[in-house]
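Here's the structure, in structure tokens; my notes come after.
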Amino acid sequence: MDRPIRVIVAKPGLDGHDRGAKVIARALRDAGMEVIYTGLRQTPEQIVAAAIQEDADVIAMSILSGAHNHLFPKVVNLMKDQGADDVLILGGGVIPEDDIPGLKEAGVEEIFTPGSATQTIVDFIKNNLKRD
Amino acid sequence: MFDKERLDQIQQSKKDWEDKVLNKTLEKFPERQDEFQTGSGDKIERLYTPEDIQGINYDEEIGYPGQYPYTRGAQPTMYRGRLWTMRMYAGFATAEESNKRYKYLIEQGSKGLSVAFDLPTQIGYDSDHSLSAGEVGKVGVAIDSLADMEILFDGIPLDKVSTSMTINAPASVLLAMYIAVAEKQGVSADKLRGTIQNDILKEYIARGTYIFPTEPSMRLITDIFEYCSESVPKWNTISISGYHIREAGSTAAQEVGFTLADGIAYVDAAIEAGLDVDAFAPRLSFFFNAHNDLLEEVAKFRAARRLWAKIMKERFEAKSEKSMRLKFHTQTGGSTLTAQQPDNNIVRVAIQTLAAVLGGTQSLHTNSKDEALALPTEDSVRIALRTQQIVAHESGVTNTVDPLAGSYYIEAKTKAIEEEAMKYIEKIDELGGAPKAIDLGYIQQEIMDSAYDYQREVESEKRIVVGVNKYKSEEEPPTGLLKVDPAVEELQKKKLQELKSKRDNEEVNNRLEALRKACNSKENVMPYIIEAVKAYGTLGEICGVMREVFGEYQQSVRI
């Protein structure tokens, strides 16, 4: 790829806990990626629209309110509807272990729970991009 | 606190000690690090001596508990008179489920209720709103109308308990519902005791459950101050919160500085609205965090009390001692809990509990060990409550007032935090006050910088977090976590539908229109909200009217 990796960092739903999202946004930026942070209270439709418009390679979403099972798969499905299934979709936040297999099944590539190092996330993105 | 001659002697003896004792040890056994720092990243010295507190005047700066400047405590006898209120924040799923949890907590010795609302309730949407999908009953209880509130407090006599409600943008509506439930129980509003969080500025800064723009939000807050000072005199009308600022990543001094700057903005707004400072200031309360650096946290609480007392006396010229006395609730630090080895969190919470108690808190919520994973189970909540009870009854720290006072380090650190917090307040004053500083993104940016520094230090292992970047172990995934049944959302929607078919819809519309007029005028909106609530107008309908009149806040997004 001849341009920097472009990432949408998004907060879907009504949750206001954005420390993690912002720290990761800054870490990805410091790792040389182009980061667009959407701010709070984004609907799945808004996140997908932003990803398409910005031609994002990655969507990284964070939820700490427990609404992940509802909102993460919705974003994945809307991206598929747009024919944009070559975008790497990641999730993070307070996500119980039991919910992770279901989310991966739904098409979220990886889930990062509290305590994940930002370097781990940077490396994961670099190694798992779906586009060349 | 020491005369010049004595200080000279101490300086000399310290130098002797350094030459004869210390340096020899350092040669043989170098210290573990070149420099040591507090939990907030401030440099901390090897040793504190009378030299470090030489500028402090005991009577003026430290003094006595229950007396200006309140450094040593809000009351003269502190926990010898009465222990702090053990107040566990709880609420999830439906009003019925939460009501059961409250009754359980009261049985277990909890002395006050603390209601957690779900996000749709906190942002003024009914459970059937499209944005509520997936969020109903998740982080707290779903309240759509007075009918839910009646169930929430069923069998709990509201003249006997004090209730804290974590509600901000729609605080006026939930308070109105509480007043209406009490009335149905035959309890008049003047007997109600409790707190609404009602602190919108920190929602813009750190917590995110804002609805309206700054100006109408500040007006709603002063309407509540005014209404309660006449009709609900024992109610704490605001809980000015540093908790979420700290959770968002601030340092201890930023927590104090930004929180008191918000406090100044509320006092300014109320005075501007024509209220007398001593009529409302005694009902202001604060809410702080307790993190792991025990001594820094104790100094922080003491510094906050002293600084607020000075601000109220000198800046606002309050006359009543009660206006100068900072009372606060504490919650242990959620962001310090780890998902790894969750049992370790019990120990963290115990240290934080000690910090809050040694800092002189009026009430305390202790987090449960499983909160980095999910909502806490009944078992883990019980351990958290027992932690407070052990500190209260077994640790001995409650038997004398402000036991760490006079420690060279504690007094020096208290002074240092006070001074650093004051610098932030001065900077915010220069920018035009807290609301302006928030609009400019200044406060958010400062917090974000601290949060990022912290994360870098954890990842570079400059800072050790047990179980996360050191002492890791293989673990089985935790079991038995609490899950909120997704059926709650459907149930709430059904209850709403039934309500709307049963109530007098014309009456609801009339009262909503009366509220709209009040919002457009300068009248106090509280009586109109109470009327709308009593007719079973829903939270979403009432906030909907206010959204139409006031508009919605637009967040400034920066990383």
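Taken in sequence, the protein lines are chains A and B. Residue 1 is where the first sequence starts when you use our numbering, and the numbers rise one by one after that. Residue 1001 is where the second sequence starts when you use our numbering, and the numbers rise one by one after that. Glycine included, each C-beta is placed from N, C-alpha and C at the ideal position. Note that the coordinates shown come from a computational prediction; the quantities given were computed from them, not determined experimentally.
Q: Enumerate in chain order the residues of its own chain whose CB-to-CB distance from residue 1083 (chain B) is below 8 Å, with the five nearest sequence positions on each side excluded.
A: 1392 and 1398
Q) Starting from residue 1023 (chain B) and walking both ways along the beta strand (DSSP E), at which residues does that stretch end? A) Where residue 1023 (chain B) is concerned, there is no enclosing beta strand (DSSP E), although the alpha helix (DSSP H) it sits in stretches over 1023 to 1028.
Q: Identify which residue in B:1047, B:1124, B:1054 and B:1278 has its Cα closest to the Cα of residue 1006 (chain B).
A: B:1054
Q: Could you spell out the range, first to last residue, of the alpha helix (DSSP H) harbouring residue 1280 (chain B)?
A: 1277 to 1280
Q. If we cut at 7 Å on Cβ distances, does residue 34 (chain A) have a partner in chain B?
A. no
(Q) Please list, in chain order, the chain B residues whose beta carbon lies closer than 9 Å to that of residue 65 (chain A). (A) 1118, 1119, 1134, 1135, 1138 and 1139
Q) Would residue 1438 (chain B) pass as a contact of residue 1221 (chain B) if the rule is Cβ separation under 7 Å? A) no
Q: Give a yes or no on whether the C-beta atoms belonging to residue 1290 (chain B) and residue 1332 (chain B) are separated by under 7 Å.
A: yes
Q. Is there at least one Cβ from chain A nearer than 7 Å to residue 1448 (chain B)'s Cβ?
A. yes
Q. What are the start and end residues of the alpha helix (DSSP H) that includes residue 1391 (chain B)?
A. 1378 to 1393
Q. Can you tell which of B:1297, B:1316 and B:1254 has the C-alpha that lies nearest to the C-alpha of residue 1272 (chain B)?
A. B:1316
(Q) Can you find the residues in the same chain that come closer than 6 Å, C-beta to C-beta, to residue 1376 (chain B), ignoring five residues on each side of it along the sequence? (A) 1368 and 1370
Q. Going by Cα to Cα distance, which pick from B:1500, B:1199 and B:1495 is closest to residue 1435 (chain B)?
A. B:1199
Q) Which chain A residues are close to residue 1455 (chain B), counting only those with a beta carbon under 7 Å from its beta carbon? A) 23 and 118
Q) Where are the alpha helix (DSSP H) runs, 4 residues long or more, that stay fully inside the region 50 to 93 of chain A, in chain order? A) 68 to 81
Q) Relative to chain A, which residues along the region 1455 to 1469 of chain B have a C-beta separation below 7 Å, given in chain order? A) 1455, 1459 and 1468
**Q.** Under 7 Å from the C-beta of residue 101 (chain A): neighbouring residues of chain B
**A.** Those do not exist, as residue 101 (chain A) stays about 11 Å from chain B at its closest Cβ, beyond 7 Å.
Q | For residue 1533 (chain B) and residue 1305 (chain B), the rounded distance between their alpha carbons | A | 37 Å
**Q.** Beta-carbon neighbours of residue 54 (chain A), restricted to chain B and to distances below 7 Å
**A.** Correct list: empty, because the minimum Cβ distance to chain B is about 14 Å.
Q. When you compare only the Cα positions, how much space is there between residue 7 (chain A) and residue 79 (chain A)?
A. 15 Å
Q) Count the other CB atoms within 10 Å of the CB of residue 1080 (chain B); is the residue buried (16 or more) or exposed (fewer)? A) exposed
**Q.** Straight-line gap, residue 1074 (chain B) to residue 1065 (chain B) (C-alpha atoms, nearest Å)
**A.** 6 Å
Q: For chain B, find out if any of its Cβ atoms is closer than 7 Å to the Cβ of residue 91 (chain A); answer yes or no.
A: no
Q) For residue 56 (chain A), which option in A:27, A:73, A:87 and A:74 has the closest C-alpha, if you only look at C-alpha atoms? A) A:87
Q | Per-residue burial, residue 1460 (chain B) [other beta carbons within 10 Å of its own, 16 or more giving buried] | A | exposed
Q: Just grab the DSSP bridge partners of residue 1216 (chain B) for me.
A: The partner list for residue 1216 (chain B) (beta bridge, DSSP) is empty, contrary to what the question assumes.
Q. By the criterion of Cβ-Cβ separation under 9 Å, what are the contact partners of residue 18 (chain A) in chain B?
A. 1206, 1208 and 1248
Q. Is the Cβ of residue 115 (chain A) closer than 7 Å to any Cβ of chain B?
A. yes
Q) Roughly how many whole angstroms lie between the Cα atoms of residue 1543 (chain B) and residue 1170 (chain B)? A) 7 Å
Q. So, are the CB atoms of residue 1164 (chain B) and residue 1132 (chain B) less than 7 Å apart?
A. no
Q.
Can you check which of these residues, B:1035, B:1062 and B:1295, is closest to residue 1410 (chain B) by C-alpha distance?
A. B:1295
Q: Determine the DSSP secondary structure at residue 7 (chain A), reduced to helix, strand or coil.
A: strand
**Q.** Rounded distance between the beta-carbons of residue 113 (chain A) and residue 125 (chain A), thought under 8 Å
**A.** Wrong, their Cβ atoms sit about 17 Å apart, outside the cutoff.
Q.
Let me check understanding here. Comparing Cα to Cα, which of B:1105, B:1158 and B:1102 lies closest to residue 1187 (chain B)?
A. B:1158
**Q.** Any 3 or more C-beta pairs closer than 8 Å across the region 1177 to 1184 of chain B and the region 1138 to 1150 of chain B
**A.** yes
Q) In three-state DSSP terms, what is residue 1125 (chain B)? A) coil
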